[in-house]
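>
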Amino acid sequence: MSLKTGLRGLVKKASAAVVAVAAAASLMVAGTGTAAADNMNWLRPGCRWDSEFPGGVPDWVQRCDVYSEAMGKNIAVQIRPAERGGNAALYLLDGLRAQDTYNAWTRDSYAPAKFKGTNIALVMPIGGAASFYADWEGPAKFSSVEPVNYKWETFLTKELPGYLQQNFGVSPNNNSIAGLSMGGTAAMNLAAKHPEQFRQVLSYSGYLSTTMPGMQTLLGIALIDGGGFNINAMYGGLINPRRFENDPFLNMEGLRNTDVYVSAGNGVPRANEWGMEPRFMIPGSALEIFARYTTGLWTLKARAQGINFTEDFPPYGLHNWTQFDDQLNWTRDRILRVMNAY
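For the sequence shown, the positions run -35 to -1, 1 to 307 when mature numbering (1 follows the signal peptide of the UniProt record, and there is no 0) is used.
Rendered as structure tokens:
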């Protein structure tokens, strides 16, 4: 074989090798893209596209029926999968007037759109009005005509995680939890009681001292107004130990290794809110002042006990979706950073 022929053969082999490597690389890239798309675009068991429901949202949100043995029925959960198959999830809890048809984070804050392009699943349970996402002692309503059996803590910490792991690849130990108002209170309790499940907690205008004098009466009035719910059916009477076990102010030791963020406005309307009708402004101001007060008490005790946390107390803000939406916007990057889910 001549030198020329030999060189020609080497060139051909080298060229073939380059083509093979390039083809393999392109397949790897295409495979990654396909895997990401596949994680988003197929319906899991018991799910339908949320956009099929009246007022439903797009952005790959699925509405899934997850059976709760504790509550004896299916619980609807709006779920947006992680875009690239990540195993982290953000639970978003609703307020006291949670609806039975959708989680308000999907419509009043458009949370799914905010997390487009990220590698974290959104988990947004539907329902649970006035529940504080707790396991109640007895039937939740005064009326015996429509008995309500609330076992939300069991559902969120024992029943739902298995479904999420099996169908959405969510780890039972790699979760963030956030909530507004009632949901903020619940998020703090759930994170403190289940630190193995939640690595991060964010309270947006939550009530973080629920056993202080007068709170049983105030919460009782709010629960009646929120749909005829009986506060004494939640944790029992005033001296029931469960009341104290579910007060964020008394239940913070479990947060020592958790990323904690708390916030509340001061009840002063923003510049564009002064024209609001009094029937919205007055309760919005009062509720936010109270959230600020109880959250402030929580921060004082947490600091004294050496609990690490971040606080945000803006010099304005009513108890409304403008406030809650801003807080989710401001903490989005924190959530993704802590959960390693960009």
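The C-beta atom is built at its ideal place from N, Cα and C for all residues, glycine as well. In this text, all values refer to a predicted model and were calculated from it rather than measured experimentally.
Rounded to a whole number of angstroms, what is the C-alpha to C-alpha distance between G179 and I186?
In this structure, the CA atom of G179 is about 11 Å from the CA atom of I186.
> Between Y281 and R235, how many whole angstroms is the CB-CB distance? I'm expecting something under 8 Å.
Between R235 and Y281 the Cβ distance is about 5 Å, and since that is below 8 Å, they are a contact.
> With distances taken from CA atoms, which of A63, F133, N140, G192 is nearest V26?
The candidate whose alpha carbon is nearest that of V26 is F133.
> For L(-9), which residues of its own chain have a beta-carbon under 8 Å away from its beta-carbon, when the five flanking residues on both sides are left out?
The pLDDT assigned to L(-9) is 33, lower than 50, so where the model puts this residue is not dependable; a value taken from the coordinates is nonetheless given after this. Closer than 8 Å at Cβ, skipping near neighbours: no residue.
> Quick check: the Cα distance between P137 and R244, rounded to an integer number of angstroms?
42 Å
> Determine the DSSP secondary structure at D73, reduced to helix, strand or coil.
coil
> Based on Cα-Cα distance, which residue from F163, E111, A99, P126 lies nearest to V31?
P126
> Among K38, E111, T71, G249, which has the Cα closest to the Cα of G15?
In the sequence under discussion, the amino acid at residue 15 is Asp, which differs from the Gly named in the question. Of the candidates K38, E111, T71, G249, the one whose C-alpha sits nearest the C-alpha of D15 is T71.
> Quick check: A35 and K116, are their CB atoms within less than 8 Å of each other?
yes
> In its own chain, which residues sit with a C-beta less than 6 Å from the C-beta of Q165, not counting the 5 before and 5 after it?
S141, D224, V303
> Exposed or buried, what is G240 when buried is set at 16 or more other beta-carbons lying within 10 Å of its beta-carbon?
exposed
> Are the Cβ atoms of residue 392 and P77 separated by less than 8 Å?
This structure gives no information on residue 392, because the portion of the chain shown stretches from -35 to 307.
> Keeping to the same chain, check which residues put their C-beta closer than 7 Å to that of H159; ignore five residues upstream and five downstream.
T122
> Using DSSP bridges, identify the partner residues of Y32.
Paired residues: N39.
> F97 to S146, Cα distance in whole Å?
9 Å
> Is the beta carbon of T259 less than 8 Å from the beta carbon of Y172?
yes
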